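Asker:
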Amino acid sequence: DHFIEKTVLNVEELLAYKQTETTSWINIDGVHDVEILEKIGKHFDIHPLTLEDILNTNQRPKLDEYPNYLYIVLRMFFLDEKDKALKNEQVSLILTKNFVITFLEDAGDVFDTVRERIRKSATRLRENGTDYLAYALIDSIVDSYFHILEKIGEDVEGLEDNLVIEPNKNDLQTIHLLRREMILLRRAIWPLREVISAMQRNENEFIEEKTRVYLRDVYDHTIQVIDTIESYREMVVGMLDTYLSSTSNKLNEVMKVLTVISTLFIPLTFLAGVYGMNFRHFPELGYDWMYPWGFWIITLFVVLGMAVFFKRKKWF
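Numbering (my numbering), first residue to last: 32 to 347.
1. Would you mind sorting residue 153 into buried or exposed? The rule is 16 or more other CB atoms within 10 Å of its CB.
2. Return the chain-ordered list of same chain residues with a C-beta closer than 7 Å to the C-beta of residue 142, the five sequence neighbours on each side being excluded.
3. With a cut-off of 8 Å, do at least 3 Cβ pairs link the stretch 272-290 to the stretch 187-198?
4. Below 8 Å on the Cβ atoms is my guess for residue 191 versus residue 270; work out the distance and round it to an integer in Å.
5. Can you list, in chain order, the residues of its chain with a C-beta nearer than 7 Å to that of residue 193? Leave out the 5 residues immediately preceding and following it.
6. Residue 253: which of 208, 220 and 39 sits nearest, CA to CA?
7. Cutting at 7 Å between CB atoms, please list the residues of its own chain near residue 223, excluding the five before and the five after it.
8. Please give me, in chain order, every unbroken run of the beta strand (DSSP E) with length at least 3 that falls completely inside the stretch 79-133.
9. Measuring alpha carbon to alpha carbon, tell me which of 329, 230, 245 and 41 ends up nearest residue 58.
10. Within 10 angstroms of its Cβ, does residue 339 collect 16 or more other Cβ (buried), or is it exposed?
11. In the DSSP output, what is residue 58 paired with across the bridge?
12. Just mark residue 267 as buried or exposed, buried being the case when its beta carbon has 16 or more other beta carbons within 10 Å.
13. Could you give the distance in angstroms between the alpha-carbon of residue 231 and the alpha-carbon of residue 88?
14. Mind the definition here: the stretch 115-125 touches the stretch 71-85 only if three or more C-beta pairs lie below 8 Å; say whether that holds.
15. Ignoring anything shorter than 3 residues or poking outside the stretch 251-280, list the beta strand (DSSP E) runs there in chain order.
16. Can you find the residues in the same chain that come closer than 8 Å, C-beta to C-beta, to residue 302, ignoring five residues on each side of it along the sequence?
17. Taking the alpha carbon of residue 262 as the reference point, which residue from 178, 213, 293 and 207 has its own alpha carbon closest?
18. Are residue 148 and residue 135 touching if we call contact CB-CB under 9 Å?
19. Within the same chain, show all residues whose beta-carbon is closer than 6 Å to that of residue 242, passing over the 5 residues directly before and after it, in chain order.
20. Output yes or no for whether 9 Å exceeds the beta carbon distance between residue 103 and residue 226.
21. Measuring straight from C-alpha to C-alpha, what distance separates residue 233 and residue 53?
22. Does the beta-carbon distance from residue 71 to residue 45 come in below 9 Å?
23. Beta-carbon separation of residue 95 and residue 120 under 9 Å?
24. Evaluate residue 132 with the Cβ neighbour count: other Cβ atoms within 10 Å of its Cβ, from every protein chain shown; 16 or more gives buried, anything less gives exposed.
25. Would you mind sorting residue 361 into buried or exposed? The rule is 16 or more other CB atoms within 10 Å of its CB.
26. Under the three-state reduction of DSSP, which class applies to residue 205: helix, strand or coil?
27. Express the C-alpha separation of residue 179 and residue 189 in angstroms, rounding to a whole number.
28. Locate the alpha helix (DSSP H) running through residue 70, then write down its first and last residues.
29. Can you tell me where the alpha helix (DSSP H) holding residue 185 begins and where it ends?
30. Quick check on residue 283: does DSSP put it in helix, strand or coil?
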């Protein structure tokens with residue numbers, strides 16, 4: 032049971048691990064240097080189409096079979112610490128009989144648990160081959176989805192409570208952000224289900240039968256992630272309907288108040304027009320202060336009468 036962990040800075044040092052009978056994991060941070068990738072491809076017999084897919088980091092999850100290796104594309108998600116936005120990057124994995132190569136866009140990944148298990152003696156990762164290592168790496172990526180969904184679930188629940196209490200414009204922006212995140216997750220994880228299913232079914236020399244049992248477990252986790260995404264997506268769509276309904280109800284309440292006020296002013300406008308006419312023969316003109324008092328008394332009775340009428344009709 033022998034274990035070596037080493038950081039190398041040039042491609043030539045990697046050649047020592049190509050022909051060994053041990054299980055090797057080569058993790059490469061950064062895929063933007065074409066020259067280095069071409070060297071790696073040449074030394075490890077990686078097909079040019081695979082190198083092209085590694086460089087093109089907009090690939091959907093997929094599985095490509097070549098005579099000397101399997102090429103697997105996955106999406107790794109993480110929350111940006113600055114703006115709390117959901118980010119993702121491509122993970123390219125090459126599986127052979129003796130080594131696994133992972134290509135990441137940048138430094139930083141979700142494989143710390145795998146590294147810790149490798150560092151410990153007498154673990155399944157130390158006792159099994161590259162196919163089990165590939166399973167462990169894929170499983171750690173799928174497990175990271177649950178942490179992302181847990182955070183999204185907290186946002187969904189908080190937004191749902193806020194919509195019930197006091198919805199505002201910021202809630203609408205949050206709803207649209209959550210919808211985009213759900214779409215992004217769904218596009219990345221839905222095809223992953225087919226990738227893992229193909230790894231289970233397809234007969235090849237790179238995946239042993241005993242490892243397929245573990246892949247079935249990852250497949251079940253993937254289905255669980257997809258179901259959770261669909262559930263959250265339906266909740267977000269429902270919250271959008273709730274927000275629009277709440278906004279519409281608020282607008283209706285405002286319009287109702289304005290309509291009542293406008294209706295009350297219709298007879299007042301009529302009275303003001305009558306009392307504003309230039310007539311000489313008004314009965315109350317012969318009494319001191321009767322003219323203004325008469326106007327206001329009539330106005331008061333009209334307003335009270337209409338208010339009682341509206342109240343009985345339950346218009347407000």
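Even glycine gets a Cβ: it sits at the ideal position worked out from N, Cα and C. This structure is a prediction, so every number in the text was calculated from the model and none was measured.
Answerer: Reading from the atomic positions:
1. In the sequence shown, residue 153 corresponds to position 122, counting from 1. Exposed, because fewer than 16 other Cβ atoms sit within 10 Å of the Cβ of residue 153.
2. On the sequence shown, position 111 is the one that residue 142 refers to. Cβ neighbours of residue 142 beyond the five flanking positions: 168 and 171.
3. Using a C-beta cut-off of 8 Å, the stretch 272-290 makes contact with the stretch 187-198, since at least three inter-stretch Cβ pairs fall below that distance.
4. In the sequence shown, counting from the first residue as 1, residue 191 sits at position 160. In the sequence shown, counting from the first residue as 1, residue 270 sits at position 239. Their Cβ separation, rounded to whole angstroms, is 6 Å, which keeps residue 191 and residue 270 in contact under 8 Å.
5. Working through the sequence shown from its first residue, we reach residue 193 at position 162. Same-chain partners within the cutoff: 202.
6. As a first step, residue 253 must be located in the sequence shown, where it is residue number 222. Nearest C-alpha to residue 253: 220.
7. Here residue 223 corresponds to residue number 192 of the sequence shown, with the count starting at 1. Counting only Cβ-Cβ distances below 7 Å, and skipping sequence neighbours, we find 92, 105 and 253.
8. Taking only runs of at least 3 residues, the beta strand (DSSP E) segments lying wholly in the stretch 79-133 are 93-97, 100-110 and 117-126.
9. Sequence index remark: in the sequence shown, residue 58 carries index 27 (1-based). Measuring C-alpha to C-alpha distances from residue 58 to each of 329, 230, 245 and 41 identifies 41 as the nearest.
10. Indexing the sequence shown from 1 puts residue 339 at position 308. Taking a 10 Å sphere around the C-beta of residue 339, we find fewer than 16 other C-beta atoms and assign the residue as exposed.
11. Numbered from its first residue, the sequence shown carries residue 58 at position 27. Answer is 133, bridged to residue 58.
12. Position 236 of the sequence shown, counting from 1, holds the residue named residue 267. Note on residue 267: 16 or more other CB atoms within 10 angstroms of its CB, so buried under the neighbour-count rule.
13. Here the question's residue 231 lines up with position 200 in the sequence shown. Here the question's residue 88 lines up with position 57 in the sequence shown. Cα atoms of residue 231 and residue 88: separation of roughly 25 Å, rounded to the nearest angstrom.
14. Proximity of the stretch 115-125 to the stretch 71-85 meets the contact definition, three or more beta-carbon pairs being nearer than 8 Å.
15. Taken in chain order, the stretch 251-280 contains no complete beta strand (DSSP E) segment of 3 residues or longer.
16. Taking the first residue of the sequence shown as 1, we reach residue 302 at position 271. Excluding sequence neighbours, residue 302 sits near 326, 329, 330 and 333.
17. Translated into the one-based positions of the sequence shown, residue 262 becomes position 231. The residue with the shortest Cα to Cα distance from residue 262 is 213.
18. To locate residue 148, count along the sequence shown from 1; it is residue 117. To locate residue 135, count along the sequence shown from 1; it is residue 104. The answer is no: Cβ separation not under 9 Å.
19. For this step, residue 242 is matched to residue 211 along the sequence shown. For residue 242, the CB contacts under 6 Å within the same chain, skipping 5 residues up- and downstream, are 162, 163 and 166 in chain order.
20. Here residue 103 is taken as the residue at index 72 of the sequence shown, counted from 1. Here residue 226 is taken as the residue at index 195 of the sequence shown, counted from 1. Yes, the pair counts as a contact, with Cβ atoms nearer than the cut-off.
21. As a first step, residue 233 must be located in the sequence shown, where it is residue number 202. As a first step, residue 53 must be located in the sequence shown, where it is residue number 22. If you draw a straight line from the Cα of residue 233 to the Cα of residue 53, it comes to about 25 Å.
22. For this step, residue 71 is matched to residue 40 along the sequence shown. For this step, residue 45 is matched to residue 14 along the sequence shown. Contact: yes.
23. Residue mapping note: residue 95 aligns to position 64 of the sequence shown, counting from 1. Residue mapping note: residue 120 aligns to position 89 of the sequence shown, counting from 1. Cβ distance not < 9 Å, so residue 95 and residue 120 don't count as in contact.
24. For the purposes of this step, residue 132 is identified with residue 101 of the sequence shown, where counting begins at 1. It is buried - the Cβ of residue 132 has at least 16 other Cβ atoms within 10 Å.
25. A query on residue 361 cannot be resolved here, the shown segment of the chain reaching from 32 to 347 and no further.
26. Residue numbering aside, residue 205 sits at position 174 when the sequence shown is read from its first letter. Helix, per DSSP.
27. Along the sequence shown, read from residue 1 onward, the residue named residue 189 stands at position 158. Along the sequence shown, read from residue 1 onward, the residue named residue 179 stands at position 148. For residue 189 and residue 179, the distance between alpha carbons rounds to 16 Å.
28. Within the sequence shown, numbered from 1, the residue matching residue 70 stands at position 39. Here the alpha helix (DSSP H) through residue 70 covers 65-74.
29. Locating residue 185 in the sequence shown gives position 154, where the first residue counts as 1. Unbroken alpha helix (DSSP H) run through residue 185: 161-196.
30. Within the sequence shown, residue 283 is the residue found at index 252, counting from 1. Under the three-state reduction of DSSP, residue 283 is assigned to helix.
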